[in-house]
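Chains A and B supply the protein sequences, listed in that same order. Numbers 7 to 229, taken from the working numbering, label the letters of the first sequence in order. Numbers 7 to 229, taken from the working numbering, label the letters of the second sequence in order. In this text, a Cβ means the ideal position worked out from N, Cα and C, and glycines have one as well. A short worksheet on the structure shown next.
There are 2 protein chains.
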Amino acid sequence: MQRTTLNLLLVDREMPQASDQPPVVHVVDDDDSLRFGLESLFRSVGLTARTYGSAQEFLKAERPTGPGCIVLDVRLPGISGLDFQEELSDLGIHLPVILMTGHGDIPMSVRAMKAGAVDFLPKPFRDQDMIDAVTTAINRDRLQRDSESQATAVIDRYETLSPREREVMALVTAGKMNKQIAAELGLSEVTVKIHRGAAMRKMGARSLADLVRMADALKDRTR
Amino acid sequence: MQRTTLNLLLVDREMPQASDQPPVVHVVDDDDSLRFGLESLFRSVGLTARTYGSAQEFLKAERPTGPGCIVLDVRLPGISGLDFQEELSDLGIHLPVILMTGHGDIPMSVRAMKAGAVDFLPKPFRDQDMIDAVTTAINRDRLQRDSESQATAVIDRYETLSPREREVMALVTAGKMNKQIAAELGLSEVTVKIHRGAAMRKMGARSLADLVRMADALKDRTR
DNA sequence: GTGGCATTCATACCAACGTGTGAGACAATT
DNA sequence: AATTGTCTCACACGTTGGTATGAATGCCAC
């Protein structure tokens, strides 16, 4: 579930976000002619492509923030495409990855897929297969981005809560009554109500159901 | 993602369940000696194996209900292992699948992994690789089973709700007040309270937070 | 030290929730 | 025909939740 747990909780407040930027396909391959070929292929279907001759070149370029995906050759100068795929995760670049290879084998493809690759295409591949893979990758990225931005909004609000408010929120969303919470924290019931109200206000929850879903979304992101 | 949304909601009531049956590895391959080899390999690590010479033989055997996984050759008499993998899903057999092949290629392995295979092993493989794959598969199955049985328990309870109770539950878990629900359904507030109470009782929810999580779990299963 | 923030609480009031009693209507089943 | 289940509602009572007023304490930073 990861859930699109929060579906429409925050939509009205988060709507005017720039989630509709045109997607960019980042092509990393040391073969010049293949880069040019892919660039024009993607342009032919209305997609913007940026190309890089090596992993280093990709990394020293401006870090991609908009939606898109990465098309990666397995054999790159200096680093394996598979290793680079993992490195991207560590760097916090979660764009979906498509791998290509001229001399690949099954274990290689399995490793890539286990690591979350969208597709693994042996060269030569058909143009349509690449386009299908990129389309799938971009859709996946869009979904990721949407749930990510919603989760981020919830986390941002959560950060504004005081320690006490967080404690109370945890117990409230665990289904406990104010009275029980007061006993558990050694407080009076009024105080609990105040923290509870503050948590609702700061989190932007219009109902307890909202708050419960936000709490669950927070748990999912921590795991 | 499916969320372990419900973590401990039902534990106290569902605990004495037979989720701790020993796992069974189902081996489907037409090569006799390989079947025997795998059977003794699995026995050597304390796993029970059942073997089948073909997909048909597997299907006409007693349908597996306990935990485990399926080890499948890609080339089977009559049907491709990849097609069989998909067929198993359609039949509602969701045991994790590991594929083996003597003459495989990359697209084959990619297709299998996309379809959710745990691993795809070219023959000959190392014993340890197979054991690792099976271990991963069985763990995955355990997680699936746990969340599945919890979800089933919630669904079973939901089925006992009357239509009105379901309507009210939906609106309650959407965060609406009794007053609003009454207006929306053209009812008096008392009536809403009665349905609401009945829903809580029948669902076994001890708090609104519980009910909200159950409602979300139901949505996740429907999707 | 003064302002700001977090935390705590009493009192009080109103809104919302939960449940029980009692009852009428309708449909389907036995 | 009787039963069962669903759906409906009025009335009443007690509990729980939400908020405002007013106030006290302690801490940290400017």
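- Bounds of any alpha helix (DSSP H) do not take in A/Thr71, whose DSSP letter is neither H nor E.
- Chain-ordered, the chain A residues with CB closer than 8 Å to the CB of B/Met119 read Ser115, Val116, Met119 and Lys120.
- CA-to-CA, the gap between B/Ala180 and A/Ala215 works out to about 7 Å.
- Using beta-carbon distances, A/Val218 counts as an interface residue toward chain B, with a partner under 9 Å.
- Membership of A/Thr197 in the alpha helix (DSSP H) is indicated by the continuous run Glu195 to Met209.
- Under the three-state reduction of DSSP output, B/Ile99 falls in the coil class, being neither helix nor strand.
- A distance below 6 Å between beta-carbons, with the five flanking residues on each side excluded, links A/Arg146 to the following residues of its chain, in chain order: Pro102.
- Looking only at A/Lys129, A/Pro83 and A/Ala189, the smallest Cα-Cα distance to A/Ser60 is reached by A/Pro83.
- In this structure, DSSP gives B/Pro113 a helical state, which the three-state scheme calls helix.
- Residue-level contact by beta carbon fails for B/Thr141 and chain A, as no gap is shorter than 9 Å.
- Sequence-distant partners of A/Arg117 (beyond 5 residues in either direction) whose C-beta falls short of 8 Å from its own C-beta, in its chain, are Leu88.
- Residue environment for B/Ala223: buried (at least 16 other C-beta atoms within 10 angstroms of its C-beta).
- Under DSSP, B/Pro128 takes part in a beta bridge, and its partners are B/Thr107.
- Under the Cβ criterion of 9 Å, B/Val174 is not counted among the residues facing chain A.
- Three or more beta-carbon pairs separated by less than 8 Å link the stretch 24-35 of chain B to the stretch 72-79 of chain B, which places the two stretches in contact.
- Only residues of its own chain outside the window of five on either side were considered, and among them Ile104, Leu105, Met106, Thr107, Asp135, Met136 and Ala139 have a CB closer than 8 Å to the CB of A/Leu127, listed in chain order.
- The three-state secondary structure of B/Ala221, taken from DSSP, is helix.
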